[in-house]
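K.L.:
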Amino acid sequence: MTTMTDRMGALGRAELTLLVRNRYALFVALGMPLLMVGFMRSSLDQVGLEKTGMSALEASLSGGIVMALLLVVYLNLVSAYVARREELVLKRLRTGEASDREILAGTALPAAVLAVAQCALMVAAGTAFLDVRAPQRPDLLVLGTVLGVVLLTGLAAATAGFTRTVESAQITTMPLFVVSSIGSGLFLPLEVFPEKVAAVCELLPLTGVMTLVRAGWLGGGDAGELAGAAATALVWIAVSVFAVRRWFRWEPRR
């Protein structure tokens, strides 16, 4: 009898093979995060960041960490879950030894590993070659990244439940992408927003993750703020798990 590690490893290897063969998905995973960081950098040059205590480069690179998670994990996985469902792959996998959780996690494994690798490369390159300060709280940086991967995997599976085709995934993923990019501090730190707007944005799904990542890399944030950010991320993870259990579909939508 195979172990859970064996089953998830096999699923992960199969999904990695499919990812490598899909040129569009591979471009989204490898090229888009770098392009978005460059776009954020040029946009932040036009914004006054004096009161945030960070440079435009620091803001764009730390935002790029969560952008990489959003692009590599969320956007790729929604398409992957929908494609496997419509091809009856998920239905067949459920007849074997793997549990539902193992199937979802195994499918997400390559995207998660690739996203974490890109985040680590971004931190290393920023620190070594771009004169960005070294991570001030590596524990918070790791915590934010891990919570981001788990949250976006759950949100991807939940979104797949409402997505009819792989093509329509480009539409169903757009609300979270746009709202998170603008309102969770990826493009613009929340400190530049009006106080009431920032208070609302703090409740968005990826804001807690962004707060932890930015504090982990650049420092700042008191204990209460960081605890609140972690709590926000955990609440959204719980919401995503409930949504997956309630609405995820294992067979093709008709």
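Heads up, the sequence shown is in my numbering, so the first residue is -19 and it goes up one at a time.
Every residue gets a Cβ at the ideal spot worked out from N, C-alpha and C, and that includes glycine.
Under DSSP, the alpha helix (DSSP H) around Pro61 begins and ends at which residues?
P.N.:
It is worth fixing the name first, because residue 61 is Tyr in this sequence and not Pro. Per DSSP, Tyr61 belongs to the alpha helix (DSSP H) from 56 to 66.
K.L.:
With DSSP collapsed to three states, give me the class of Ser35.
P.N.:
coil
K.L.:
If I follow the unbroken alpha helix (DSSP H) through Leu192, where does it start and stop?
P.N.:
187 to 198
K.L.:
On the three-pair Cβ rule with 8 Å, is the stretch 84 to 103 touching the stretch 163 to 172?
P.N.:
no
K.L.:
I'd like the list of long-range same chain contacts for Trp230, defined as Cβ closer than 7 Å, with 5 residues on each side in sequence excluded.
P.N.:
Arg65, Leu70, Lys71, Arg74
K.L.:
Under 8 Å: do the stretch 50 to 65 and the stretch 202 to 215 share three or more Cβ pairs, one atom per stretch?
P.N.:
no
K.L.:
Using a Cβ-Cβ cut-off of 6 Å (strictly less than) and excluding sequence neighbours within five positions of Gly165, which residues of its own chain qualify?
P.N.:
Met190
K.L.:
Identify the continuous alpha helix (DSSP H) that holds Gly106 and give its terminal residues.
P.N.:
Judged by DSSP secondary structure, Gly106 falls within the alpha helix (DSSP H) whose first and last residues are 80 to 109.
K.L.:
Express the C-alpha separation of Cys181 and Ser42 in angstroms, rounding to a whole number.
P.N.:
18 Å
K.L.:
According to DSSP, simplified to helix, strand and coil, what is Thr133?
P.N.:
helix
K.L.:
Taking 9 Å as the threshold (C-beta atoms), are Ala210 and Thr133 in contact?
P.N.:
no
K.L.:
In whole angstroms, what separates the C-alpha of Gly188 from that of Thr(-17)?
P.N.:
Going by the C-alpha atoms only, they are around 34 Å apart.
K.L.:
So, helix, strand or coil for Arg72, using DSSP?
P.N.:
helix
K.L.:
Between Thr(-15), Ala36, Leu(-1), which lies nearest to Leu168 when the distance is taken from Cα to Cα?
P.N.:
Ala36
K.L.:
Spatial neighbours of Val221 within its chain, please: CB distance less than 8 Å, with the 5 preceding and 5 following residues excluded, ordered by chain position.
P.N.:
Excluding sequence neighbours, Val221 sits near Gly134.
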